[in-house]
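Here is the structure we will look at, set down as structure tokens.
Numbering (full-length UniProt numbering), first residue to last: 1 to 94.
This is the structure:
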């Protein structure tokens with residue numbers, strides 16, 4: 001699954017109002033709200049099981065839905081760097 005994350009297009013926000021944690025789907029690049037808001041990210045994973053990972057735009061962590069765990073892998077660095085640049089205007093993670 002991690003091999004599919006090499007091409008990173010612009011995000012597409014799919015929740016009408018995102019309050020709280022915003023989750024960027026690393027397969028389809030849609031942005032959904034978390035499970036404690038409206039649960040759209042979880043619902044999207046249930047509808048599209050291959051869309052397994054989300055990057056939190058709040059803390060830049062990556063969550064794997066089938067694993068129910070955070071993921072730390074070098075393949076995720078481009079996605080995290082893109083989110084970091086967008087959020088902080090800097091090109092690298094500190």
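Beta carbons are placed, not taken as given, at the ideal position from N, Cα and C, and that holds for glycine.
In this text the structure is predicted, and so the values were computed from the model without any measurement.
Grouping DSSP H, G and I as helix and E and B as strand, with all else coil, what is residue 47?
On the chain shown, residue 47 is found 47 positions in, with the first residue counted as 1. Here residue 47 sits in helix by DSSP.
Buried or exposed for residue 67, going by 16 or more other Cβ atoms inside 10 Å?
As a working note, residue 67 is residue 67 in the chain shown. Classification for residue 67: exposed.
Residue range of the unbroken alpha helix (DSSP H) whose run includes residue 76:
Translated into positions along the chain shown, residue 76 becomes position 76. For residue 76, no alpha helix (DSSP H) run applies, since DSSP gives it neither H nor E.
DSSP state of residue 23, grouped into three classes?
As a working mapping, residue 23 is identified with position 23 in the chain shown. Residue state for residue 23 is assigned as strand, using DSSP reduced to three classes.
Hey, could you find the ends of the beta strand (DSSP E) residue 55 is sitting in?
The sequence position of residue 55 within the chain shown is 55, counting from 1. For residue 55, the uninterrupted beta strand (DSSP E) segment begins and ends at 53 to 56.
Residue burial classification, residue 86 (beta-carbon count within 10 angstroms, cutoff 16):
Position 86 of the chain shown, counted from the start, is the residue given in the question as residue 86. Result: exposed.
Looking at the structure shown, is residue 38 part of a helix, part of a strand, or coil, going by DSSP?
Taking the chain shown and counting its residues from 1, the one referred to as residue 38 is at position 38. DSSP places residue 38 in coil when its eight states are reduced to three.
Can you tell me whether residue 45 is buried or exposed? The criterion is at least 16 other CB atoms within 10 Å of its CB, across all chains shown.
Here the question's residue 45 lines up with position 45 in the chain shown. Here residue 45 is buried: its Cβ has 16 or more other Cβ atoms, across all protein chains shown, within 10 Å.
Touching or not, the region 70 to 88 and the region 33 to 40, by the rule of three or more beta carbon pairs under 8 Å?
Between the region 70 to 88 and the region 33 to 40 there are fewer than three C-beta pairs closer than 8 Å, too few to call the two in contact.
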